[in-house]
Amino acid sequence: MAWVVGDGLQGHSEGAECHAVIAACAVRTIPPPWLWQLSDVGTVTTTLRGRLLASCLVRPASCVLS
87 MAWVVGDGLQ GHSEGAECHA VIAACAVRTI PPPWLWQLSD VGTVTTTLRG
137 RLLASCLVRP ASCVLS
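In my numbering, the protein residues as written are 87 to 152.
Printed below as a string of structure tokens:
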């Protein structure tokens with residue numbers, strides 16, 4: 087396990103093939119580098135923020151990238 091502190095919008099390629107990305111920030115969309123750096127069974131936990139200051143905590147179980 088590693089803690090990475092800083093601007094994580096581009097991910098952390100040195101620690102690629104992660105089982106989990108946990109972001110303490112709010113994003114409008116999940117940045118593609120976060121998904122690219124996950125293992126096949128990896129998850130992303132973050133807050134999605136939309137219009138009118140609406141937000142929700144998301145944890146997709148799986149993602150299909152083409």
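Backbone N, C-alpha and C define an ideal beta-carbon position, used for all residues, glycine too.
Reference T133; option with closest CA among W122, C111, H105: Within the sequence shown, the letter at position 47 stands for residue 133. Minimum Cα distance to T133 is reached at C111.
Beta-carbon contacts of Q123 that lie in its chain and below 8 Å, excluding the five residues immediately before and after: Reading the sequence shown from its first residue, position 37 is the one you call residue 123. Counting only Cβ-Cβ distances below 8 Å, and skipping sequence neighbours, we find G97, H98, S99, G101, A102, E103, C104, V107.
Where G153 falls: helix, strand or coil (DSSP): Residue 153 lies beyond the range of the chain shown here (87 to 152); nothing can be said about it.
T131 versus R114, A109, A88, residue with shortest Cα-Cα distance: Numbered from 1 along the sequence shown, position 45 holds the residue referred to as residue 131. That would be A109, whose Cα lies nearest to the Cα of T131.
L121: first and last residue of the uninterrupted alpha helix (DSSP H) it sits in: Taking the sequence shown and counting its residues from 1, one reaches residue 121 at position 35. Segment 118-122, the alpha helix (DSSP H) holding L121.
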